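Protein chains in written order, with my numbering: chain A, 53 to 413; chain B, 640 to 832; chain C, 123 to 282. A short write-up of the structure that comes next.
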Amino acid sequence: MAYVAVKGGEQAIDNAHAWLHEERRGDPAVPEIAVSQIAEQLGRAVDRAMAEGSLYDQELAALAVKQAQGDLIEAIFLLRAYRTTLPRFASSSPIETASMRVERRVSAIFKDLPGGQVLGPTYDYTHRLLDFALLGETTPQTPAVDAADLPAMPRVPDILADEGLLEPDVADDRDPVDLTREPLRFPAPRDARLQALARGDEGFLLGLGYSTQRGYGGSHPFAGEIRMGEVAVEIVPPELGFAIDIGDLVVSECQMVNQFKGSKTVPPQFTRGYGLVFGFNERKAMSMALVDRAMRAQELGEDVTAPAQNVEFVLYHSDNIEATGFVEHLKLPHYVDFQSELQNVRRMRAANEAETAEAAE
Amino acid sequence: MSVVQDLTPGFADPVGDAQTTFRAVLDAMAHPGSAYTVAPLRPPAPLHQALAAVVLTLADHETPLLLDRGADAAAHWVVFHTGAPSTADAATAAFVVALSLPDLATLPTGTDEAPETSATVILQVARFGAGQRLRLSGPGLRTPLELAVDGLPADFVDRWRRNHALFPRGVDLILCAHDRVVALPRSVSVEEV
Amino acid sequence: MTNTSKSAATAQDDHPWPARRRWMAVLARATSADLESLLSGVDLPPYTVLRGPEDGLVMVRGRAGGGGAAFNLGEMTVTRCAVRTAEGLVGHAYVAGRDRRQAELAALVDAMMQDPARAPALEAGIIAPLEARHLSRRSARAAKAKATTVNFFAMQTTRS
């Protein structure tokens with residue numbers, strides 16, 4: 053593939069940037085949007101940028117959203133680029149979602165589970181009617197209950213664990229693969245798949261997750277548990293030699309519970325898919341869990357027939373920065389290739405016409 | 640409780656100084672036998688400026704370090720500033736930080752497909768310009784170059800010949816004296832003068 | 123290869139210095155504005171900076187299924203600093219975010235807290251107020267969450 057060096061574009065590019073900045077600013081009579089307003093009031097956009105940018109920093113994500121005029125994939129691109137300028141100090145101990153300070157926690161398999169169904173600040177029960185009051189300013193208020201300490205909230209997998217009905221978790225603290233340091237290789241182990249899904253495009257994973265429900269690798273899922281809230285992050289700095297807390301993150305977690313599977317060695321039990329994402333990104337966590345389960349098809353002795361079960365298909369196309377990189381590269385000058393294609397097509401037409409003329413004689 | 644020996648600062652300008660030192664090492668590798676100056680630094684004994692600067696520049700949390708018995712006294716300082724995991728197993732070391740030349744045969748030499756996965760030895764010597772005289776030739780040297788080093792073992796040329804014969808595998812050597820570095824990439828031939 | 127995986131260190135009873143862990147956790151969650159204002163009445167010792175304050179990243183890990191094998195979830199920004207006071211105490215801080223002033227002050231307080239003569243006053247004047255502030259913010263959120271808990275009027279529980 054040949055790229056062509058093009059001269060004379062610098063002035064045009066400078067002017068394009070100037071116009072971009074004007075467009076981004078919009079009408080100067082309208083107050084400029086502050087990064088803090090984006091962080092506070094467009095939290096779902098910020099959370100998606102953090103999750104797919106794979107960089108948890110609300111201010112940076114809000115800045116990226118502002119700079120990208122709300123184009124989230126562009127914002128994600130900015131965050132991915134920015135993280136390459138920062139040194140890595142450490143990896144954390146694995147976060148304990150069992151100790152999450154829950155703000156939302158629901159289960160579709162148990163109505164009355166220990167700790168209860170905590171709805172949290174969800175859109176689920178809104179009526180999806182445009183609220184014209186938001187054209188102006190609002191002062192919302194939540195009723196609170198007194199002396200709130202939420203009760204203990206055992207994880208649904210732990211509740212089911214006793215009877216052995218659910219595939220158990222097998223703890224393993226070995227260092228996992230890191231896709232930010234080494235290229236993805238196949239067969240891809242589960243840690244690589246989960247890392248790729250966590251930073252994967254929500255839309256792509258949503259579509260694939262939906263496909264599994266429509267029969268493309270049917271797995272009859274149930275939402276075992278969905279949680280959202282803050283977890284503490286812990287590291288063990290070598291100069292200290294003991295664990296310290298460095299702060300908190302909001303994460304969303306989804307446990308999908310799927311149909312029975314039995315084998316000669318393992319009795320029938322529910323199998324699982326897992327989703328874990330930065331921020332309040334429930335749709336993404338659920339989609340991730342569906343696709344995680346689909347990609348385990350081979351390991352669980354199922355036929356691999358559907359796109360969501362095809363690990364290479366899913367992982368090669370789930371990163372929206374890689375995807376947009378290649379899709380948008382088509383805009384680069386391909387003048388020489390195209391000229392040669394043009395000549396080819398003309399040649400083929402001439403050959404066709406000659407044949408037709410001969411046949412007519 | 641953490642055992643904190645005398646922790647002193649690293650580079651005064653972590654980004655700029657690391658870049659300066661990296662450039663020195665790069666130039667030294669490209670021009671074997673020529674000496675280049677690293678960024679300023681005051682490391683704890685027994686480390687001197689050049690060795691410490693090179694370690695701070697090249698090592699990080701993904702490069703296991705093996706410090707030999709001589710260098711080990713400053714291990715806490717090195718690990719603090721680089722975040723590098725320290726290892727006692729030569730076979731897993733990315734960098735060997737040494738005050739006397741280790742047995743190169745015990746170090747990882749990479750593979751034919753990935754020769755860069757070998758170890759690099761960062762060796763502190765007393766000085767350049769005096770001591771054992773060596774003649775260097777090979778890539779990077781239009782004509783052979785003479786280098787004198789005070790601080791290499793008497794059988795250095797033999798040991799290096801065996802390393803050099805492994806090309807493209809093998810180990811690279813960064814010699815550090817006071818504030819300057821000289822590099823011997825595995826591609827260079829070394830003879831006695 | 124990395125400095126994580128020692129899950130033993132996370133259990134409170136296994137931790138070699140729980141008090142220090144607690145005050146560092148409080149300092150990691152304080153804003154630099156809060157720290158500056160609470161420290162304004164305090165006689166700070168002279169100190170040298172050993173490292174930082176510098177921004178960097180921590181790779182956050184999760185577990186497959188929530189309890190299984192570790193995987194890399196994504197990175198978070200972190201700022202760290204290490205200082206040595208004139209008396210020779212070394213303080214460290216690793217704080218989420220990119221607030222260099224917070225990291226430096228947190229490291230300084232960490233150093234001062236290791237001096238048994240100063241610790242009680244600092245605990246009362248700095249650590250406890252910060253912790254209270256943080257806990258009250260948490261309680262406020264927990265109260266709102268609790269208000270959204272569904273009260274089922276079930277005749278019997280669905281769990282057998």
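We treat Cβ as the ideally placed atom computed from N, Cα and C, and that holds for glycine. Since we're looking at a predicted model, the values are computed, not measured.
Cα-Cα separation between residue i and residue j, rounded to whole angstroms
i, j, result
"residue 796 of chain B", "residue 666 of chain B", "23 Å"
"residue 640 of chain B", "residue 292 of chain A", "Only weak support is given to the placement of residue 640 of chain B: the predicted model assigns it a pLDDT of 33, under 50, and the question is left unresolved by the model."
"residue 278 of chain A", "residue 177 of chain C", "33 Å"
"residue 233 of chain C", "residue 104 of chain A", "38 Å"
"residue 817 of chain B", "residue 652 of chain B", "20 Å"
"residue 298 of chain A", "residue 213 of chain C", "15 Å"
"residue 361 of chain A", "residue 220 of chain A", "22 Å"
"residue 194 of chain C", "residue 183 of chain C", "5 Å"
"residue 123 of chain C", "residue 296 of chain A", "Low local confidence applies: a pLDDT of 35 at residue 123 of chain C is under 50, so the model's placement there is unreliable, with the coordinate-based value given in what follows. Computed Cα separation, rounded: 19 Å."
"residue 173 of chain C", "residue 258 of chain A", "44 Å"
"residue 823 of chain B", "residue 251 of chain A", "42 Å"
"residue 130 of chain C", "residue 137 of chain C", "At residue 130 of chain C the pLDDT is 35, less than 50, meaning the model places this residue with poor confidence; the figure from the coordinates comes in the next sentence. Going by the C-alpha atoms only, they are around 8 Å apart."
"residue 129 of chain A", "residue 119 of chain A", "11 Å"
"residue 230 of chain A", "residue 247 of chain A", "8 Å"
"residue 83 of chain A", "residue 115 of chain A", "16 Å"
"residue 163 of chain C", "residue 239 of chain C", "17 Å"
"residue 153 of chain A", "residue 281 of chain A", "5 Å"
"residue 767 of chain B", "residue 710 of chain B", "20 Å"
"residue 260 of chain C", "residue 245 of chain C", "20 Å"
"residue 185 of chain C", "residue 806 of chain B", "43 Å"
"residue 373 of chain A", "residue 138 of chain A", "19 Å"
"residue 65 of chain A", "residue 194 of chain A", "49 Å"
"residue 354 of chain A", "residue 309 of chain A", "16 Å"
Proximity below 9 Å, CB of residue i to CB of residue j
i, j, result
"residue 348 of chain A", "residue 317 of chain A", "no"
"residue 168 of chain A", "residue 206 of chain A", "no"
"residue 249 of chain C", "residue 149 of chain C", "yes"
"residue 679 of chain B", "residue 716 of chain B", "no"
"residue 225 of chain C", "residue 215 of chain C", "yes"
"residue 156 of chain A", "residue 267 of chain C", "yes"
"residue 180 of chain C", "residue 287 of chain A", "yes"
"residue 236 of chain A", "residue 328 of chain A", "no"
"residue 773 of chain B", "residue 829 of chain B", "yes"
"residue 648 of chain B", "residue 271 of chain C", "no"
"residue 311 of chain A", "residue 276 of chain A", "no"
"residue 223 of chain A", "residue 190 of chain C", "yes"
"residue 247 of chain C", "residue 157 of chain C", "no"
"residue 218 of chain C", "residue 285 of chain A", "yes"
"residue 192 of chain A", "residue 332 of chain A", "no"
Environment of residue i [buried if 16+ CB atoms lie within 10 Å]
i, result
"residue 778 of chain B", "exposed"
"residue 71 of chain A", "exposed"
"residue 356 of chain A", "exposed"
"residue 233 of chain A", "exposed"
"residue 186 of chain A", "exposed"
"residue 410 of chain A", "exposed"
"residue 176 of chain A", "exposed"
"residue 125 of chain C", "With a pLDDT of only 38 at residue 125 of chain C, under 50, the local geometry of the prediction cannot be trusted, and the value read off the model is given with reservation. Counting Cβ neighbours within 10 Å, residue 125 of chain C comes out buried, since at least 16 surround it."
"residue 827 of chain B", "buried"
"residue 756 of chain B", "exposed"
"residue 187 of chain C", "buried"
Residue i beta carbon near the ligand GTP (any heavy atom closer than 8 Å)
i, result
"residue 176 of chain C", "Only the bare structure without any ligand can be found here, which leaves the ligand GTP out of the picture."
Checklist entry - Does the stretch 138-145 of chain C touch the stretch 775-795 of chain B, meaning 3 or more C-beta pairs lie closer than 8 Å? => result In this structure the stretch 775-795 of chain B does not lie against the stretch 138-145 of chain C, because fewer than three pairs of beta carbons, one per stretch, are closer than 8 Å.
Checklist entry - In chain order, what residues of the stretch 702-730 of chain B put their CB closer than 7 Å to some CB of chain A? => result If the cut-off is 7 Å between Cβ atoms, the stretch 702-730 of chain B has 718, 719 and 722 near chain A.
Checklist entry - Using a Cβ cut-off of 9 Å, which residues of the stretch 226-255 of chain C contact any Cβ in chain B, in chain order? => result Legend: CB atoms of the stretch 226-255 of chain C lying less than 9 Å from CB atoms of chain B are not found in any residue.
Checklist entry - Listed from N- to C-terminal order along the chain, which residues in the stretch 767-784 of chain B have their beta-carbon within a distance smaller than 9 Å of any beta-carbon of chain C? => result Residues of the stretch 767-784 of chain B whose Cβ lies closer than 9 Å to any Cβ of chain C: none.
Checklist entry - Of all the residues that make up the stretch 162-180 of chain C, which are near chain B by a beta-carbon distance shorter than 9 Å? => result Going along the stretch 162-180 of chain C in chain order, one finds 170, 171, 172, 173, 174 and 176 with a Cβ nearer than 9 Å to chain B.
Item to check | Residues of the stretch 195-212 of chain C with Cβ closer than 8 Å to any Cβ of chain B, in chain order | outcome: Sequence-ordered contacts of the stretch 195-212 of chain C with chain B read 204, 206 and 212 [C-beta pairs closer than 8 Å].
Next on the checklist: Using a Cβ-Cβ cutoff of 9 Å, what residues of the stretch 652-665 of chain B are near chain C? List them in chain order.
Outcome noted: Look at the stretch 652-665 of chain B: the residues with a C-beta under 9 Å from a C-beta of chain C are 653.
Checklist entry - In chain order, what residues of the stretch 133-163 of chain C put their CB closer than 7 Å to some CB of chain A? => result From the stretch 133-163 of chain C, only 137, 138, 139, 143, 146, 147, 150 and 151 have a Cβ closer than 7 Å to chain A.
Checklist entry - Between the stretch 208-242 of chain A and chain B, which residues of the former have CB atoms less than 9 Å from a CB of the latter, in chain order? => result The stretch 208-242 of chain A vs chain B, Cβ under 9 Å: 233.
Checklist entry - Which of the residues in the stretch 294-319 of chain A, read from start to end, lie with their CB under 9 Å from any CB of chain C? => result Cβ contacts with chain C come from 294, 295, 296, 297, 298, 299, 300, 301, 303, 305 and 307.
Next on the checklist: Under 8 Å: do the stretch 329-337 of chain A and the stretch 91-100 of chain A share three or more Cβ pairs, one atom per stretch?
Outcome noted: At 8 Å Cβ cutoff, the stretches touch.
Next on the checklist: Would you call the stretch 760-776 of chain B in contact with the stretch 732-744 of chain B, where contact means no fewer than 3 C-beta pairs closer than 8 Å?
Outcome noted: With a cut-off of 8 Å, the stretch 732-744 of chain B and the stretch 760-776 of chain B count as touching, because enough Cβ pairs lie within range.
Checklist entry - For the stretch 141-167 of chain A, which residues have a CB atom closer than 8 Å to at least one CB atom of chain B, in sequence order? => result Residues 141 and 142.
Next on the checklist: Can you pull out the residues from the stretch 271-292 of chain A whose beta carbon lies closer than 8 Å to at least one beta carbon of chain B?
Outcome noted: Result list: 290, 291 and 292.
Checklist entry - Relative to chain A, which residues along the stretch 802-821 of chain B have a C-beta separation below 9 Å, given in chain order? => result Listed by position, the residues of the stretch 802-821 of chain B near chain A (Cβ gap below 9 Å) amount to none.
Checklist entry - Pairing CB atoms from the stretch 739-751 of chain B with CB atoms from the stretch 804-814 of chain B, are three or more of them under 8 Å? => result Yes: at least three Cβ pairs fall under 8 Å.
Checklist entry - Taking Cβ-Cβ distances below 7 Å as the criterion, which residues of the stretch 165-184 of chain A are in contact with chain C? => result Residues of the stretch 165-184 of chain A that bring their beta carbon within less than 7 Å of a beta carbon in chain C comprise 168, 169, 170, 171 and 172, in sequence order.
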